[in-house]
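This report concerns only the one structure given below.
Numbering (UniProt numbering), first residue to last: 1 to 143.
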């Protein structure tokens, strides 16, 4: 309320005058004991749920590097690289590194890597495997 008032005008002790008005206003005091609407909505928020995938599990993956290819393809989980980063094998046999994002539909699908993950990937000293810089143990499995 104070910032809204400051958008229209300002004078010294404006904040103190607003506080005095709110504490003495009968309409404001009658609504003061009501529950905050944000508290009720918090229990319905489902963005925190993160699914974990096991090695060998079938998942659906999409390659976001090519905007013309918008289809989801079946893939097989090879290895969990980090907290939400997975190495998956697509039906063509190529290895692709995917990152899970909890905002995907049904909370179970995978997406491509972010720019930060690609930068981190370039810094690693792993071997090259199918054009990607992966850890040595992932490349050795497919040789």
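The C-beta atom is built at its ideal place from N, Cα and C for all residues, glycine as well.
Remember, it's a predicted structure, so these values are computed and weren't measured experimentally.
- For residue 32, there is no enclosing alpha helix (DSSP H), as DSSP gives it neither H nor E.
- For residue 89, the secondary structure class from DSSP, reduced to helix, strand or coil, is strand.
- Straight across, the Cα-Cα distance linking residue 12 with residue 52 is about 56 Å.
- For residue 6, the enclosing alpha helix (DSSP H) begins and ends at 2 to 6.
- Residue 80 has its alpha-carbon roughly 15 Å from the corresponding atom of residue 61.
- Residue pairing for residue 79: DSSP places it in a beta bridge opposite 87.
- Here DSSP, grouped into helix, strand and coil, assigns residue 74 to strand.
- In the structure shown, residue 58 falls within a strand segment according to DSSP collapsed to helix, strand and coil.
- Put simply, the backbone Cα of residue 64 is about 8 Å away from that of residue 70.
- In terms of CA proximity to residue 16, 2 leads the group 32, 2, 87.
- A direct Cα-Cα distance of roughly 46 Å separates residue 34 from residue 59.
- A residue is called buried when at least 16 other Cβ atoms come within 10 angstroms of its Cβ; residue 87 meets this threshold and is buried.
- A Cβ-Cβ distance of about 10 Å is found for the pair residue 78 and residue 90, leaving them out of contact under the 8 Å criterion.
- Taken atom to atom, the span from the alpha-carbon of residue 19 to that of residue 85 is near 50 Å.
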